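The numbers in the sequence shown follow this note's numbering, run straight up by one, and end at 519. All C-beta atoms, glycine included, are put in the ideal place defined by N, C-alpha and C. What you are looking at is a predicted structure, and each value in this text was computed from that prediction instead of being measured. Here is the structure we will look at.
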Amino acid sequence: MGTSLRRKLILSALGLSAVLVPALTIPWFGARRLPGTRSSTNLPAPYLFPPGFLWGTATAAYQIEDTQDDDWAAFERDVVAHHRVEHRAPGQAQPGHIHKLTDFSEEVRLKKTDFDARIESDLAMAAAMKHSSYRFSISWSRLFPRQEMTEPDPAGIAYYQRIFAALDQHRLKPAVTLFHFVSPSWFWQEQGGKRGWERADALLHFERFVAAVVKHFGGRAELWCTLNEPMVYAYAGYLDGTFPPLEKRSGPPALVPVLSQLLRAHALAYRLLKEDAARRGKPVQVGIAQHVRAFQPLRNHHPLDRLTAQIIDQAFVWDFLDALHSGQLRSKVMNVDLSIPGLAGTQDYVGLNYYGRFYVKSNLLRPTKFEVLMHDPNNVAEDKPNELGWASYPEGFRLALLKAHQRYHLPLYVLENGTADSKLEDSDRQRLLVEHLREMYLAQQQGVDVRGYFHWSLFDNFEWAEGFTARFGLTHIDYQNHFHRTPRPSAALYTRIIENNGLDAALLSQYGPWPQP
Ligand code: IFM
C-alpha cells in the first residue's frame, strides 16, 4: 500500500463535525487499547486447519509484471523526469514522490520483477514450495491498451493464458483480482470535466474489461476478488496524493463519487461472474479484499483518542464492507447515505488483508489535527515496528477475523498478510508467519470459517510509493543481478506449515512462550 496510512495526518482533512457528530450517536470513549500483542489462549498443539484449506501467496500485476501504458507508469515517468524521488526514511514518502526510485535501473523500473520472462519458473517455484493457490491480478491496460478497443488485445489474453496454463500444470488454484489500484492511462483523459472513475463512461469501460476476462477466463478460477483495498485506493489517490491521480481533496465526503463508482463496479463484476458461473455450471466465490488495520487509541486515558480511533476504524475498515452487505453506502465520516441498486449481498466471502495496528493521537484543541502513528514510540519493544515503521499486532488479526465473522456470517479468506523485512535471514517475517497463523487458528476455534491464507508476497516487488525498497517477499530478488531469486528462510518455514496444514508443537514452542491466560 502507499503512504496514505503511514502519514501522520492521514485523515487530517476530516471536519470537526465528522468527529463530533458521531460522538453523539455512538457509545462514548470507544474501545481501550489492550496490553500485549498476542492472544493469551493456549490450546493443545498441533494447530491444524481443515482439509482443503488454501495456502498461497498474493501478487498484483503492476507490482510484478512488465509495465503497461497505465496511470502508475505515467506517474513513475513523471517522478523520474521531475526528480520527485523521495530519500527520507522508508514509510514516509511524500505526495507525488516515490521512494528512491532512481536508485533502480530503468530496466528494473520497466520489468519490475521480470515475471513476464519467468512465469513458468516462478509458478513452478511456488508449487515446489507446496503452495496450493496463487492470487494475482489481471492488468486492465494489458487487455485494453487503447480506449476505442471493444475487444481485448490478443497478446494480453495470450499472456494470461500462459499464467493460467502454468497454474494448471502445477495444480495451483488461481485466485483472480480484477482491479488492484491501476488503470489504463486513457482512463484519465477528461470527459465532460471528469476523469477516471468519475467519468460518465467509466463503468461501461470497466464492464467491457470484466466481460472480456469472464469470456476468456471464466471457469478457470473459483475465487474472484473484484477490488483490492478500495479504501486505500480512495484515501491514497484522492486525499493523500500519494497514488494516482495524486489528488488532495477537501475531506472524506469528497471520496463519495469515487467510492460509489467502485461499489457499482463491484456489483457489475459480481453479476457478470455469477451469471457466467451459472451458465457453465461451475461455482465461483466473489468478494473484495479489504485492507484491515486495528486503529487504537495512543493513550487510553484520552477519551478523544479512543473516540477518534473508533470512528476511523468504522470508516476505513467497515463502511465499504457494510455497503456490500446492505446495498447502502452509509458513513458518518463521509456524510453519505446512498442506496446502490444491485449491490446488496454481493459478497460470497469476506476477503481481508491484515497488516497490524495503527495508533490514533487526537488533539483536544484542534480535533481535525489528529495524527495516525504507525507505531507507538513509547512501546517499540512490544510493537516491533517493521522496516516501514508498521506496528505488529497479531492479536488484532484474530479480533478482525472474529468481527468480520460476527458481522457478516460468511466464509473468510485472508487475501494478504505479510511484512517488510528485507533481510536475507528474514527473522521478522518468520515470526510474523507463526504468530499470525496461530491467531488465525484461535479465530477458527472461536467459530470463524477461514478457508484460505495468502501471504504477501511470493517475491519482493514494487511497493507503490515506497518503490523497490520495501521488500515483502518470501523470496529475495537481486535487482542488481538480473532479478536473481533467492528464497528466504520464511519460504521454507511456510512450506513446513503447509505440509503440516498448520503449526506443529515444535514450532509453537520455538516461538513461545505464548502469554498465559
Ligand atoms: O503491496 C501492497 C498491496 O498492493 C496491497 N496490500 C498491501 C501490500 C503491502 O503494502
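Query, Result
"F146 Cβ short of 8 Å to ligand 1 heavy atom set", "no"
"Heavy atom of ligand 1 within 8 Å of S318 beta-carbon", "One detail in the question is off: residue 318 reads as Phe in this sequence, not Ser. No, the Cβ of F318 stays beyond 8 Å of every heavy atom of ligand 1."
"Own chain residues within Cβ distance below 7 Å of L50, not counting five before or after", "N503, G504"
"Terminal residues of the alpha helix (DSSP H) in which R332 lies", "Taken as a continuous stretch (DSSP letters only), R332 belongs to no alpha helix (DSSP H), being part of the beta strand (DSSP E) at 330 to 333."
"Rounded distance between the beta-carbons of A467 and H99, thought under 8 Å", "7 Å"
"Exposure of P156, with buried meaning 16 or more beta-carbon neighbours within 10 Å", "exposed"
"Sufficient close CB pairs (3 or more, under 8 Å) joining the region 321 to 338 to the region 436 to 446", "no"
"Check: Y357 C-beta below 8 Å from any heavy atom of ligand 1", "yes"
"V234 beta carbon near ligand 1 (any heavy atom closer than 8 Å)", "yes"
"Alpha helix (DSSP H) segments (min. 4 residues) lying fully within the region 314 to 393", "321 to 328, 382 to 385"
"Contact test: W458 Cβ vs ligand 1 heavy atom, cutoff 8 Å", "yes"
"Test item: CB-CB of L354 and A291 under 9 Å", "yes"
"Collapsed DSSP secondary structure at L306 in the structure displayed", "helix"
"Buried or exposed by the 16-neighbour rule on C-beta atoms within 10 Å, applied to E153", "exposed"
"Closest residue to D116 among L509, I479, T488, P46 (Cα-Cα distance)", "I479"
"Cβ neighbours of R111 in the same chain (closer than 8 Å, five flanking residues each side left out)", "T69, E78, V82, L103"
"Bounding residues of the alpha helix (DSSP H) (the contiguous stretch that carries R282)", "258 to 282"
"For N419 and H377, believed in contact at Cβ under 8 Å, the rounded distance", "Rounded, the Cβ-Cβ distance is 18 Å, inconsistent with contact."
"Nonlocal neighbours in the same chain, by C-beta distance under 7 Å from A406, ignoring five residues either side", "V352, L354, L414"
"Sub-9 Å separation of F189 and P176 beta-carbons", "no"
"Classification of L510 by the beta-carbon crowding that lies within 10 angstroms, buried from 16 upward", "buried"
"Same chain only: Cβ atoms within 6 Å of S364, ignoring 5 sequence neighbours per side", "L306, D307, T310, F372"
"Inter-residue spacing [alpha-carbon to alpha-carbon] between F461 and H268", "28 Å"
"Cβ contact (3+ pairs, closer than 8 Å) linking the region 239 to 246 and the region 204 to 224", "no"
"L169 burial status per 10 Å Cβ neighbour count (16 or more: buried)", "buried"
"Start-to-end residues for the beta strand (DSSP E) that takes in V452", "452 to 457"
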